[in-house]
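Here is the structure we will look at, set down as structure tokens.
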Amino acid sequence: MKKYRVGYTAGVFDLFHVGHLNLLERCKEMCDVLIVGVCDDDYVINIKHKKPVFAENERVRILNALKCVDRAELVDFKITDDKMLALEKFHFDVLFSGDDWKGSERYNKTEEQFSKVGVSIEYLPYTKGISSTDIKNKI
Ligand code: CTP
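Residue numbers (the numbering used here): 15 to 153.
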């Protein structure tokens, strides 16, 4: 039996690469149902100040085609920024994130909020040496 029933993780997942795959496979090892929130193009443009190479609908399609993902859906700025809204929408038992987010202001706040409602956060190891930004720069 897996540790959790429903798990949730979120990200841009542009130029889908093995770091993304490692993360999602580790998530799926720990939960029966894995839901992925895919940040929409507006979020990436306005918050990360860059335009994704792959458009939002293409990024969602790639994630939905993966064996380790049960459901991928676009999420807007509000749901990306406020994980309590993500929880209301997707009703998960655990939030997974790369450990590059551990200790950030957003996740410290989320840890506090989730501890009150009994939802867990699991930080999974970030795969070193690869990122969408690196790939874009290399190309
Ligand atoms: N991730 C990971 N290992 C990597 C890259 C990403 O574990 N080498 C994880 C992140 O921690 C996050 C998810 O994958 O939980 C989606 O990350 P995203 O920001 O879309 O990927 P990056 O490749 O890091 O993109 P960027 O270069 O734009 O920051």
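Backbone N, C-alpha and C fix where the C-beta goes; we use that ideal spot for every residue, glycine too.
{"query": "Could you pull out every unbroken beta strand (DSSP E) segment of at least 3 residues lying fully inside the region 47 to 97, listed in chain order?", "result": "85 to 89"}
{"query": "Are the beta-carbon atoms belonging to I61 and T23 less than 9 Å from one another?", "result": "no"}
{"query": "Are the CB atoms of R85 and V58 within a distance shorter than 9 Å?", "result": "no"}
{"query": "State the Cα-Cα distance for the pair V83 and V74, rounded to the nearest angstrom.", "result": "11 Å"}
{"query": "Nearest CA to the CA of D55: which residue from E72, K42, E39?", "result": "E72"}
{"query": "Under 8 Å by Cβ, that's how I've got L37 and L138 pegged, so tell me the actual separation to the nearest angstrom.", "result": "6 Å"}
{"query": "To the nearest angstrom, how far is the alpha carbon of L29 from that of N78?", "result": "15 Å"}
{"query": "Kindly list the residues whose CB is nearer than 8 Å to the CB of K65, restricted to its own chain and excluding five residues on each side of it in sequence; keep chain order.", "result": "D55, V58, I59"}
{"query": "Using DSSP with H/G/I as helix, E/B as strand and the rest coil, what is I149?", "result": "helix"}
{"query": "Tell me whether T94, by its Cβ, gets closer than 8 Å to a heavy atom of the ligand CTP.", "result": "no"}
{"query": "Of all the options A100, V67, W115, M98, which has the alpha carbon lying nearest to the alpha carbon of S146?", "result": "V67"}
{"query": "Would you say V26 touches the ligand SAH, meaning its beta carbon is less than 8 Å from a heavy atom?", "result": "The ligand SAH is not part of the structure shown, which contains the ligand CTP as its ligands."}
{"query": "Can you tell me where the beta strand (DSSP E) with L109 in it begins and where it stops?", "result": "108 to 112"}
{"query": "Can you have a look at K42 and say buried or exposed, based on whether 16 or more other CB atoms are within 10 angstroms of its CB?", "result": "buried"}
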